[in-house]
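Below: one structure, written as structure tokens.
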Amino acid sequence: VLTRVSEKLDAERLQSFMGELAARGIDVEPGRFGSLRYRLNGVTVHVEDSLLRLREAISREIERFDPTWVLASTDDPLQVLLEAALKAAPGRVIYLARTTLALPFGPDSPVQSPTHLERLQSVRAIVAVSQYVRQYVERWAGLPAITLPISPHPKGPYPKLGKFGAGYVTMVNPCAVKGLSIFVALARLFPEQAFAAVPMWGTTAEDLLALEALPNVRLLPPVEDISKIFEKSSVILVPSLCPDAKPRIVLEAMAHGVPVLASDVGGVAEAKLGVPYLLPVRPVRHYERFVDQQMVPRPIVPEQDVEPWREALAKLLTDRPHYEELAERSYQVAQAYLARLDIGEFERFLSGLALREAEPSAHMLAQPAISPPGTAALKELSPEKRALLARRLGSRSRGGSETST
7 VLTRVSEKLD AERLQSFMGE LAARGIDVEP GRFGSLRYRL NGVTVHVEDS LLRLREAISR
67 EIERFDPTWV LASTDDPLQV LLEAALKAAP GRVIYLARTT LALPFGPDSP VQSPTHLERL
127 QSVRAIVAVS QYVRQYVERW AGLPAITLPI SPHPKGPYPK LGKFGAGYVT MVNPCAVKGL
187 SIFVALARLF PEQAFAAVPM WGTTAEDLLA LEALPNVRLL PPVEDISKIF EKSSVILVPS
247 LCPDAKPRIV LEAMAHGVPV LASDVGGVAE AKLGVPYLLP VRPVRHYERF VDQQMVPRPI
307 VPEQDVEPWR EALAKLLTDR PHYEELAERS YQVAQAYLAR LDIGEFERFL SGLALREAEP
367 SAHMLAQPAI SPPGTAALKE LSPEKRALLA RRLGSRSRGG SETST
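Right, dumping it as structure tokens:
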């Protein structure tokens, strides 16, 4: 699995990262020039703080480990990791599409790139996090994709944390593209209600100034355990102005019995599972030609009609029976969904893909056709490696895997 960290690992952040690992009792094997290696839950993690060294590490580790599949994703919008993976393991790269915003095509993308699209045309398969993303890829890139559970959640059960009349109206990752303007407007419309904002990757210094200017808004630090935020919240706001693929926080809040007001864009409806509220917004369609301090393209935000949001929030803040019914329905629907969710679907997909490539049909053997990319390498796997493949891909708990960061 190839992924990237959310922030550049300069010397200070690298030391902080190592300190956090040490505090958790995780042994770190330092390498040269800021590289690290450690093992967690059966997974060997490689960390590189330089793009050049990262490319070299990807090639080196793929050659050493010889994985059946290499997973890359939209978490790498510049495709640095994808480019290196395609060179080191042609025909063996699976692309995880988690958001349309980081794809290099279509109306949701702030940056169009024929070169990046060409790389996606070279991957073995595209796996989408939601039906919305799958349909987007197929429509705007003309590429086949499949929807599978690639954003797993713990099964639960989760504690019910929603309490009427107690807690903040909370927004996580307040920034322009995520609907900060709606959050600010609601905080002004309900001056007696306590609001909370959790700054994250999209929040700029300008956003923080806007939030700090509101007397009824409190800034909460990000936490690893999101339930710590839900414990302090009575309502979660997800007023995204961009077409989110399938925001995790919607399902996470519902699974804790906290009502969610969310915008009706992208794949948000898939996360809401038919539970109110999906509210209208005027989505972002255009971006400025430069990025903000977080290296995110600056959106041109249309003026928003907050009246539907005001009405929905007022009802949740004043109508106890309605609040409690919605909280309970959210909890029950989310719990039922999580009970059905099976990451094994993705593992079986990879296993089946490998077997199809390693064992061509009689029709394929009879034809002088070109084999799919990667077939020759997989056919040459030893019986021992095939057995290892079956163990790795057929079980959720046995064996280990490797990831580079």
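Numbering (the numbering used here), first residue to last: 7 to 411.
Yeah, the Cβ is synthetic: ideal placement off N, Cα and C, and Gly gets one too.
Residue i versus residue j: straight-line alpha-carbon distance, rounded
| i | j | result |
| --- | --- | --- |
| Val266 | Met260 | 7 Å |
| Ser388 | Arg66 | Only weak support is given to the placement of Ser388: the predicted model assigns it a pLDDT of 47, under 50, and the value that follows is read from those uncertain coordinates. Cα to Cα, the separation comes out at about 21 Å. |
| Cys181 | Glu62 | 35 Å |
| Phe352 | Ile156 | 7 Å |
| Leu58 | Leu123 | 22 Å |
| Ala147 | Asn222 | 45 Å |
| Thr74 | Leu87 | 17 Å |
| Ala382 | Ala95 | Reliability of the predicted coordinates at Ala382 is poor, the pLDDT of 37 falling under 50, and no value is obtained from them. |
| Thr105 | Ala29 | 33 Å |
| Lys184 | Arg194 | 18 Å |
| Leu371 | Glu363 | Confidence at Leu371 is low in this model, with a pLDDT of 30, below 50, so the placement of that residue should be treated as unreliable; the coordinate-derived value is given next. Leu371 and Glu363: Cα-Cα distance of roughly 12 Å. |
| Ala90 | Ile64 | 7 Å |
| Pro366 | Arg45 | Any reading at Pro366 needs caution, since the residue's pLDDT is 47, under 50, leaving its predicted position unreliable; the model's value is listed next. Approximately 36 Å between the Cα atoms of the pair. |
| Glu258 | Pro227 | 18 Å |
| Ala320 | Ser79 | 40 Å |
| Gly273 | Leu359 | 27 Å |
| Leu384 | Ser357 | Only weak support exists for where Leu384 lies, its pLDDT of 37 falling under 50; the value from the coordinates is given anyway. If you take the alpha carbons of Leu384 and Ser357, they lie about 12 Å apart. |
| Glu276 | Pro36 | 42 Å |
| His328 | Pro158 | 30 Å |
| Phe196 | Glu218 | 16 Å |
| Gly25 | Ala17 | 12 Å |
| Ser233 | Arg254 | 13 Å |
| Val312 | Ile188 | 6 Å |
| Gly350 | Ala134 | 15 Å |
| Asp82 | Ser336 | 33 Å |
| Arg19 | Leu323 | 41 Å |
Opening and closing residue of the alpha helix (DSSP H) in which residue i lies
| i | result |
| --- | --- |
| Ser187 | 186 to 195 |
| Ala131 | Note, Ala131: premise wrong, no alpha helix (DSSP H); beta strand (DSSP E) at 131 to 134. |
| Gln338 | 326 to 346 |
| Pro120 | 120 to 126 |
| Gln21 | 17 to 29 |
| Glu218 | 211 to 218 |
| Val93 | A quick correction: the sequence has Lys, not Val, at residue 93. Residues 86 to 94. |
| Arg254 | 254 to 261 |
| Phe236 | 233 to 236 |
| Val274 | 274 to 278 |
Residue i, buried or exposed, once every other Cβ within 10 Å from all chains shown has been counted against 16
| i | result |
| --- | --- |
| Thr153 | buried |
| Ile32 | exposed |
| Ile242 | buried |
| Gln85 | buried |
| Ser136 | buried |
| Ser239 | buried |
| Ser22 | exposed |
| Arg98 | buried |
| Ala396 | Because the pLDDT at Ala396 is just 40, under 50, the model does not fix this residue reliably, and the value given afterwards should be weighed accordingly. By the 10 Å Cβ count, Ala396 comes out exposed. |
| Ala333 | buried |
| Val281 | buried |
| Leu225 | exposed |
| Val297 | exposed |
| Pro150 | exposed |
| Phe71 | exposed |
| Glu230 | exposed |
Beta-carbon gap between residue i and residue j smaller than 9 Å
| i | j | result |
| --- | --- | --- |
| Arg125 | Ile100 | no |
| Pro110 | Ser119 | yes |
| Leu285 | Ala268 | yes |
| Val178 | Ala251 | no |
| Ala202 | Thr209 | no |
| Arg316 | Leu192 | yes |
| Gln310 | Arg291 | no |
| Leu102 | Pro116 | no |
| Gln341 | Tyr164 | yes |
| Gly168 | His52 | no |
| Leu247 | Pro303 | no |
| Ala345 | Lys161 | yes |
| Val6 | Ala216 | In the structure displayed, the chain extends from 7 to 411; residue 6 sits before or after that span and is not available. |
| Ser128 | Leu92 | yes |
| Leu42 | Val34 | yes |
| Val256 | Val244 | yes |
| Gly171 | Arg326 | yes |
Residues that DSSP places opposite residue i in a beta bridge
| i | result |
| --- | --- |
| Met177 | Ala203, Leu243 |
| Val223 | Phe201 |
| Pro303 | Val297 |
| Ser269 | Leu285 |
| Val99 | Val76 |
| Val34 | Tyr44 |
| Ile64 | None, per the DSSP bridge assignment. |
| Ile152 | Val133 |
Opening and closing residue of the beta strand (DSSP E) in which residue i lies
| i | result |
| --- | --- |
| Leu77 | 76 to 79 |
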